[in-house]
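Colleague: Per this note's numbering, the sequence shown starts with residue 116, numbered consecutively.
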Amino acid sequence: MHKNRFPALRYANDDRHKSGSVVKRSLSLFTAFRNH
């Protein structure tokens, strides 16, 4: 049970990190666009 749980937890954390960085990048792009 533990063996299956940890990789899934790590995958979910990695996925959340990726989506978070994507949101951050698009937000910074939007801010730069709005400033100009």
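By construction, the Cβ of each residue, glycine as well, lies at the ideal position given by its N, Cα and C atoms. Bear in mind the structure is a predicted one, so any value in this text is a computation, not a measurement.
Roughly how many whole angstroms lie between the Cα atoms of Ala123 and Val137?
Modeller: Answer to the nearest angstrom: the Cα atoms are 21 Å apart.
Colleague: Given this structure, state the Cα-to-Cα distance separating Phe121 from Ser134, to the nearest angstrom.
Modeller: When rounded, the distance between both Cα atoms is 20 Å.
Colleague: Could you check the C-alpha separation between Leu144 and Asp130 for me, to the nearest Å?
Modeller: Their backbone Cα atoms lie some 21 Å apart in a straight line.
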